[in-house]
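Chains B and V, in that order, are what the protein sequence lines are. In this text, residue positions in the first sequence follow the numbering used here: the first is 16, and each later residue adds one. In this text, residue positions in the second sequence follow the numbering used here: the first is 63, and each later residue adds one.
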Amino acid sequence: DVKVTQSSRYLVKRTGEKVFLECVQDMDHENMFWYRQDPGLGLRLIYFSYDVKMKEKGDIPEGYSVSREKKERFSLILESASTNQTSMYLCASSLWLASYEQYFGPGTRLTVT
Amino acid sequence: QKEVEQNSGPLSVPEGAIASLNCTYSDRGSQSFFWYRQYSGKSPELIMFIYSNGDKEDGRFTAQLNKASQYVSLLIRDSQPSDSATYLCAPTGFQKLVFGTGTRLLVSP
């Protein structure tokens with residue numbers, strides 16, 4: 016079974032802090048993704064990566080950056096957290112193309128106060 | 063027009079009934095279609111995918127695809143209370159999946 020893990024289930028940060036969200040997958044998947052999920056807005060793609068050190072912007076990249084130094088690990092960085100970044104953050108991975116079936120981690124509920 | 067349209071629900075069905083979940087999409091280039099189930103407070107889990115027009119059955123689940131009408135549906139036969147969740151439709155887009163906001167299904171005992 017594919018296993019995608021995320022570093023924290025719940026996180027509370029203050030406005031202006033730099034926030035790191037970590038994601039690790041154990042199935043040698045090429046592609047990894049970061050989404051945020053908000054009520055009424057569904058899942059929105061922030062960034063994805065199709066290879067080590069490669070990244071592509073998704074639909075809402077503003078205020079975020081990512082890092083993929085190793086194939087199994089994909090990090091989401093909030094350079095200066097703001098209250099409108101309070102959300103559920105979900106990491107996913109897929110074997111081949113970005114449009115192939117994706118497997119999700121458990122999510123991180125981030126609250127920025 | 064949204065890229066993916068789903069009725070937010072809730073769709074309420076009694077235990078044992080057939081639940082029918084519908085999804086329309088705008089990108090005629092979409093080739094594959096995925097259905098995810100998401101329990102409250104949990105992450106989405108893949109339950110089915112379909113590539114070709116017609117029906118695809120997997121246990122109590124049947125996915126139906128009509129590319130000409132840009133319509134995909136998920137039927138759940140013999141619905142169980144444990145099927146109560148939000149169901150997300152996700153057609154493929156360029157380099158990514160495009161998720162609908164989901165339909166909430168409630169199955170009452």
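Backbone N, C-alpha and C fix where the C-beta goes; we use that ideal spot for every residue, glycine too. Owing to the predicted nature of the structure, the values given are computational and were not obtained by experimental measurement.
Pull up the distance between the alpha-carbon of residue i and that of residue j, whole angstroms please.
i, j, result
"Glu41 (chain B)", "Ser105 (chain V)", "According to the sequence displayed, residue 41 (chain B) carries Asp and not Glu. About 17 Å."
"Asn115 (chain V)", "Cys151 (chain V)", "16 Å"
"Ala125 (chain V)", "Ser135 (chain V)", "6 Å"
"Ile80 (chain V)", "Arg122 (chain V)", "9 Å"
"Tyr149 (chain V)", "Thr163 (chain V)", "9 Å"
"Leu93 (chain B)", "Glu77 (chain B)", "10 Å"
"Gln132 (chain V)", "Arg124 (chain B)", "34 Å"
"Arg166 (chain V)", "Ile112 (chain V)", "21 Å"
"Asn24 (chain B)", "Asn84 (chain V)", "Looking at the sequence shown, residue 24 (chain B) is not Asn but Arg. Going by the C-alpha atoms only, they are around 31 Å apart."
"Asn69 (chain V)", "Ser102 (chain V)", "17 Å"
"Gln142 (chain V)", "Glu77 (chain V)", "5 Å"
"Ala130 (chain V)", "Ile61 (chain B)", "31 Å"
"Asp43 (chain B)", "Lys86 (chain B)", "7 Å"
"Thr20 (chain B)", "Val39 (chain B)", "5 Å"
"Asn1 (chain B)", "Phe161 (chain V)", "Not covered by the structure: residue 1 (chain B). The range shown for chain B is 16 to 128."
How would you label residue i, buried or exposed, when you count the other beta carbons within 10 angstroms and need 16 or more for buried?
i, result
"Arg99 (chain V)", "buried"
"Met110 (chain V)", "buried"
"Leu112 (chain B)", "exposed"
"Pro72 (chain V)", "exposed"
"Thr128 (chain B)", "exposed"
"Gln117 (chain B)", "buried"
"Leu56 (chain B)", "exposed"
"Arg51 (chain B)", "buried"
"Arg122 (chain B)", "According to the sequence provided, residue 122 (chain B) is Gly. The question's Arg does not apply to it. So Gly122 (chain B) counts as buried."
"Thr154 (chain V)", "buried"
"Gly120 (chain B)", "buried"
"Phe48 (chain B)", "buried"
"Val27 (chain B)", "exposed"
"Lys158 (chain V)", "buried"
"Thr86 (chain V)", "buried"
"Ser80 (chain B)", "exposed"
How close, in whole Å, do the beta carbons of residue i and residue j come, if the pair is a contact with beta carbons under 8 Å?
i, j, result
"Glu37 (chain B)", "Arg83 (chain B)", "Wrong, their Cβ atoms sit about 11 Å apart, outside the cutoff."
"Leu58 (chain B)", "Leu110 (chain B)", "Actually they are not in contact, since the Cβ atoms of Leu58 (chain B) and Leu110 (chain B) sit about 19 Å apart, beyond 8 Å."
"Asp66 (chain B)", "Glu45 (chain B)", "7 Å"
"Ser74 (chain V)", "Ser170 (chain V)", "7 Å"
"Val34 (chain B)", "Ala107 (chain B)", "Not really, about 19 Å apart at Cβ, beyond 8 Å."
"Ser88 (chain V)", "Glu65 (chain V)", "5 Å"
Hey, could you find the ends of the beta strand (DSSP E) residue i is sitting in?
i, result
"Pro76 (chain V)", "73 to 76"
"Ser49 (chain V)", "Here chain V comprises residues numbered 63 to 171, so residue 49 (chain V) is not present and cannot be evaluated."
"Lys64 (chain V)", "Per DSSP, Lys64 (chain V) belongs to no beta strand (DSSP E) and is neither H nor E."
"Asp53 (chain B)", "46 to 53"
"Lys28 (chain B)", "25 to 28"
"Ser82 (chain V)", "81 to 87"
"Thr128 (chain B)", "Run containing Thr128 (chain B): none; DSSP gives neither H nor E here."
"Gln93 (chain V)", "Careful: Gln93 (chain V) lies outside any beta strand (DSSP E) and carries neither H nor E."
query = Which parts of the stretch 62 to 125 of chain B are runs of the beta strand (DSSP E), unbroken and 3 residues or longer, counting only runs that do not cross its ends?
reply = 79 to 85, 88 to 93, 102 to 109
Give, in chain order, every unbroken run of the alpha helix (DSSP H) that is at least 4 residues long and sits entirely within the stretch 110 to 161 of chain V.
none
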